[in-house]
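So for the sequence shown, full-length UniProt numbering puts the first residue at 1; every next one is plus one. This report concerns only the one structure given below.
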Amino acid sequence: SFLENGVEYVESIEYRISDETVQKVYNSCAGIQHTQTGRPAMDLGCGAYNAKTCDYRKWYAFMGDVSGDYVPFQITYVWSDDAEEGSDEEYLRVFPLDCSERYDDSYACACIDCPESCPLTDAPTGPDELWKIAGLYGVTFIVSLTLGLIIAVAICWGSLGRTAPPNICMPTLFGEFFYVGFRAWGTFCAKHPVLVLALCSW
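Structural data, given as structure tokens:
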């Protein structure tokens with residue numbers, strides 16, 4: 001302390017406090033979000049540290065640093081965990097509630113500031129495993145097989161309805177096969193465009 005104009009002023013203090021108390025206070029505030037930035041408030045409230053690197057001692061050291069704009073005098077915190085074994089010094093021990101708990105005539109912290117206040121729900125699950133055939137989805141396999149059979153029947157039907165020339169060479173046979181097959185496929189697609197687009201985009 002010091003005197004000024006006959007008035008005694010506090011210049012600095014040492015404050016003995018238990019680590020457990022400060023840890024609980026810090027934990028109840030660590031999740032608070034700054035409304036204007038949308039980021040954790042500890043990004044702004046822990047001095048040179050951010051929400052990831054801050055801890056309860058760094059937070060209290062910043063709040064007691066007289067070089068800050070809102071600290072009227074130096075507050076040096078003396079921690080109970082640093083006390084010598086057998087020391088009879090007394091340390092402040094209080095038991096603040098968790099952020100999900102409320103005091104009388106008050107409310108608990110909201111879910112956005114306190115994960116423990118968020119409602120518990122079942123973990124999301126993915127869709128049921130679809131059955132497969134030969135590495136393809138079952139529906140895709142069946143549709144492909146059905147289309148293949150339809151095309152094969154159409155080709156055979158077209159071939160039976162034609163009178164084959166007495167002497168046919170192999171290239172002509174293949175050309176006729178592809179001609180009839182693709183004509184049947186094109187006719188089917190032209191008559192059922194919606195079905196074809198739906199099957200192709202499956």
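Cβ coordinates follow ideal geometry from the N, Cα and C atoms, glycine included. The structure presented is a predicted model; accordingly, all values stated were derived computationally and were not measured.
Contact check between the region 26 to 33 and the region 109 to 128: three or more CB pairs, one atom from each, fall below 8 Å, which counts as touching. Taken atom to atom, the span from the alpha-carbon of P72 to that of A123 is near 49 Å. Residue state for T37 is assigned as coil, using DSSP reduced to three classes. In the DSSP annotation of this structure, the continuous segment of the alpha helix (DSSP H) that includes Y26 starts and ends at 19 to 29. Annotated three-state conformation of V78 is strand, per DSSP. When only Cα atoms are considered, F188 and E116 end up about 60 Å apart. When the alpha-carbon of G64 is set against those of P96, S80, S12, E101, the nearest one is in S12. For a cut-off of 8 Å, the C-beta gap from E90 to A83 is around 10 Å, too long to register as a contact. Within 10 angstroms of the beta-carbon of V22 lie 16 or more other beta-carbons, which makes it buried.
A Cβ-Cβ separation of about 5 Å places E14 in contact with T76 under the 8 Å criterion.
For R39, the CB contacts under 8 Å within the same chain, skipping 5 residues up- and downstream, are Q33, A51 in chain order. Taken atom to atom, the span from the alpha-carbon of L199 to that of E176 is near 27 Å. Taking each of S100, R57, D98, C118 in turn and checking the Cα distance to S18, the smallest one comes out for R57.
Boundaries of the beta strand (DSSP E) harbouring Y9: 7 to 9, taken from the DSSP string.
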